[in-house]
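Worksheet: the structure to be examined is printed underneath.
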């Protein structure tokens, strides 16, 4: 046991002291926050490019498109299409819009240009013509119905409905919940596990291949049993992954708190509750629509301490257990081959269940109690991902314990199998290994 702890310490310290680990740990939260902030800024940024579009209106519509902001529409009267086409160069038109005579029946128009028009221009043209035609049609219907206030009455019938989800606790206590938050949490946690299993599982495999190719392993196994070496390497890298993840959580939380303090000062539970009664946040002085307030209240109501602890506990267990299970498989592959090129034939049986688990997780988010979701969260090769999708929705205790028990048992079994491969494979050089050869190694009795 002491030798395993020494190996764990060596694997852990040798990785966390690397500059690449430190840079990745501290820069990743900042990079992710920067990417999301940039994406939001780009989506909110208005298109300020000035464009002039020539319009040939052959229909009976009167000024179906009007100049707005930075887009100008110039109607070309008594101008043929060929003449207008030449104006794309001579007058520098961005595009040429042709509105046909039968626009009311065909409901289609054409936008010509020498380069692909932007989605904003296309949407603006379609939106203006559609609104113009709909206004004409509504006016005709109102005139035929002889009800001048018909449009107002129809508009008054629109009734938005807000559906709040409430859960009963085991003690009968009523707790607010959110289906969207539960689904988002499940997807986020399952994807994190998927990413970390591949990232750190491959590190274990590469470490074994490197030690094997450098013949370091021949010196190491003279004082350490192969099983001890493999177990220490797997657990050591697992601790590196867990350390990095916890650092990401802490740093991300700090970035969110600092960002909230700078951009949304005074935004807390009490201000949200107060804003729900006066329909605005007192600290910002800006009106906030009811949908945003409802979403914030759902978040505050959903994240009570018991809910957070159940999700965090499940994540840590399935994160570690799932990683240990797959790392044993990656270590076995690394001990069976001489270089990374030869690993490709053995990677498919390992990666396929993980990819399949992501698709099962999508189905589980829609139907957490379905048979596919149940079996996906019980079978050990898919349970680390699928069960985390189900946990935010609530999972019966017996299902959770069964999944955990099978996952631990599978890890022990796979570790035993991988150790037999490891025991023979780490000293095999220059021989291309096949599945048949690995099966022979498993049947050796020592």
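In this note's numbering, the protein residues as written are 974 to 1419. Ideal Cβ positions, reconstructed from N, Cα and C, are used throughout, including at glycine. Treat the numbers as computed from the prediction; the structure is a model and nothing was measured.
Would a C-beta distance cut-off of 8 Å place residue 1355 and residue 989 closer than the cut-off?
Numbered from its first residue, the chain shown carries residue 1355 at position 382. Numbered from its first residue, the chain shown carries residue 989 at position 16. Result no, Cβ atoms of residue 1355 and residue 989 do not sit closer than 8 Å.
How would you write the range of the alpha helix (DSSP H) that residue 1048 sits in, first residue to last?
The count along the chain shown starts at 1 and reaches residue 1048 at position 75. Boundaries around residue 1048 are those of the beta strand (DSSP E), 1044-1048, since no alpha helix (DSSP H) includes it.
Distance, Cα to Cα, residue 985 vs residue 1132?
Translated into the one-based positions of the chain shown, residue 985 becomes position 12. Translated into the one-based positions of the chain shown, residue 1132 becomes position 159. Rounded to the nearest angstrom, the gap between the Cα atoms of residue 985 and residue 1132 is 59 Å.
Is the distance from the Cβ of residue 1171 to the Cβ of residue 1292 below 8 Å?
For the purposes of this step, residue 1171 is identified with residue 198 of the chain shown, where counting begins at 1. For the purposes of this step, residue 1292 is identified with residue 319 of the chain shown, where counting begins at 1. With respect to the 8 Å criterion, residue 1171 and residue 1292 are not classified as neighbours on the basis of their beta carbons.
Closest residue to residue 1074 among 1066, 1030, 1107, 1103 (Cα-Cα distance)
One-based indexing of the chain shown puts residue 1074 at position 101. Closest by alpha carbon: 1030.
What are the complete alpha helix (DSSP H) segments, minimum 4 residues, inside the stretch 1313-1373?
For the stretch 1313-1373, whole alpha helix (DSSP H) runs of length 4 or above, ordered along the chain, are 1317-1339, 1344-1351, 1356-1363.
Please list, in chain order, all residues of the same chain as residue 1071 whose beta carbon is under 6 Å from its beta carbon, the five residues on each side excluded.
For the purposes of this step, residue 1071 is taken as the residue at position 98 of the chain shown. Cβ neighbours of residue 1071 beyond the five flanking positions: 1029, 1083.
Leaving aside the five residues before and after residue 1208 along the sequence, list all residues of the same chain whose C-beta is less than 6 Å from its C-beta, in chain order.
Mapped onto the chain shown, residue 1208 falls at position 235. Answer for residue 1208: 981, listed in chain order.
Taking Cβ to Cβ, would you say residue 1101 is nearer than 8 Å to residue 1039?
One-based indexing of the chain shown puts residue 1101 at position 128. One-based indexing of the chain shown puts residue 1039 at position 66. Residue 1039 sits close to residue 1101, with the two beta carbons spaced by under 8 Å.
Beta strand (DSSP E) segment containing residue 1070, residue limits
Against the chain shown, residue 1070 aligns to sequence position 97. It spans 1068-1072 - the beta strand (DSSP E) in which residue 1070 sits, taken as one unbroken run.
By alpha-carbon positions, which one of 1226, 1027, 1077 ends up nearest to residue 1051?
Position 78 of the chain shown, counted from the start, is the residue given in the question as residue 1051. With respect to the C-alpha of residue 1051, the residue from 1226, 1027, 1077 having the closest C-alpha is 1027.
Let me make sure I understand the geometry here. Which of 1358, 1003, 1106, 1413 has the alpha-carbon closest to that of residue 1032?
Locating residue 1032 in the chain shown gives position 59, where the first residue counts as 1. Taking only the C-alpha atoms, the option nearest residue 1032 is 1106.
Residue 1092 and residue 1357 - do their beta-carbons sit closer together than 8 Å?
Along the chain shown, one-based indexing puts residue 1357 at 384. Along the chain shown, one-based indexing puts residue 1092 at 119. No, the Cβ-Cβ distance between residue 1357 and residue 1092 is not below 8 Å.
Using DSSP bridges, identify the partner residues of residue 1426.
The structure shown has nothing for residue 1426, since the chain only spans 974 to 1419.
Start and end residues, beta strand (DSSP E) containing residue 1054
Along the chain shown, one-based indexing puts residue 1054 at 81. No beta strand (DSSP E) holds residue 1054; the alpha helix (DSSP H) holding it covers 1054-1063.
I'd like to know whether the C-beta atoms of residue 1375 and residue 1351 end up nearer to each other than 8 Å.
Taking the first residue of the chain shown as 1, we reach residue 1375 at position 402. Taking the first residue of the chain shown as 1, we reach residue 1351 at position 378. The answer is yes: Cβ separation under 8 Å.
Sequence-distant residues of its chain with Cβ nearer than 7 Å to residue 1077 (five each side left out):
Taking the first residue of the chain shown as 1, we reach residue 1077 at position 104. Excluding sequence positions up to five before and after residue 1077, its CB lies within less than 7 Å of the CB of 1106, all in the same chain and listed in chain order.
What's the C-alpha gap between residue 1067 and residue 1046?
By 1-based counting over the chain shown, the position of residue 1067 is 94. By 1-based counting over the chain shown, the position of residue 1046 is 73. Per the coordinates, the alpha-carbon of residue 1067 lies some 10 Å from the alpha-carbon of residue 1046.
Do residue 1305 and residue 1211 have their beta-carbon atoms positioned less than 8 Å apart in this structure?
Counting from 1 along the chain shown, the entry for residue 1211 is found at position 238. Counting from 1 along the chain shown, the entry for residue 1305 is found at position 332. Not in contact: residue 1211 and residue 1305 (Cβ atoms no closer than 8 Å).
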